[in-house]
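Participant: I have a structure I would like to understand better, so I am pasting it below and will then ask my questions one at a time.
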Amino acid sequence: MSCTGRHIALMNGWEDPMNAIIDDVRSEALFASDVQRSQQPTPELIRAAVTATVDRLGESGCAERVAQEFGEHPDCAIGRMRWARGAVQMAFA
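Quick note: the sequence shown uses my numbering, first residue 194, plus one each step.
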């Protein structure tokens, strides 16, 4: 899809599902990384952490870490995932 086509699609309320999948993987990778919200990470640090974590754990490994944390510490995991999703949207905008 061209940039213009993407712009029109977003204006009509449609988002490319592939982008949503990529954002999910990135969010899981940031969640599974050692980066903490309290570090106030820069977009560069977030992008580097996502890349390094996916390289180290793979997409499945990131998802497994997320599932484990939600199983063991659901109260903390919710906040961390909320932060990770927002940080990924900001860093990869």
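Cβ coordinates follow ideal geometry from the N, Cα and C atoms, glycine included.
Given the structure is predicted, the values throughout are model-derived calculations rather than measurements.
Answer yes or no: do V247 and F224 have a C-beta to C-beta separation smaller than 7 angstroms?
Facilitator: No, the Cβ-Cβ distance between V247 and F224 is not below 7 angstroms.
Participant: In whole angstroms, what separates the C-alpha of A243 from that of G264?
Facilitator: Residue identity differs from the one stated: residue 243 is Val in this sequence, not Ala. Their backbone Cα atoms lie some 22 angstroms apart in a straight line.
Participant: Taking the alpha carbon of Q229 as the reference point, which residue from H266, W276, Q282 has its own alpha carbon closest?
Facilitator: When each option's Cα is compared against that of Q229, the closest is W276.
Participant: What is the rounded straight-line gap between the Cα of A222 and the Cα of E252?
Facilitator: Roughly 8 angstroms separates the two Cα atoms.
Participant: By Cβ distance below 8 angstroms, which residues in the same chain neighbour D216 in space, the five residues on each side in sequence not counted?
Facilitator: Taken in chain order, the residues that qualify are R278, V281, Q282, F285.
Participant: Quick check on the burial criterion: 16 or more other C-beta atoms within 10 angstroms. Buried or exposed for R249?
Facilitator: Counting Cβ neighbours within 10 Å, R249 comes out exposed, since fewer than 16 surround it.
Participant: Here's the rule: buried if 16 or more other CB atoms are within 10 angstroms of the residue's CB, otherwise exposed. What is C255?
Facilitator: Buried, since its Cβ has 16 or more Cβ neighbours within 10 Å.
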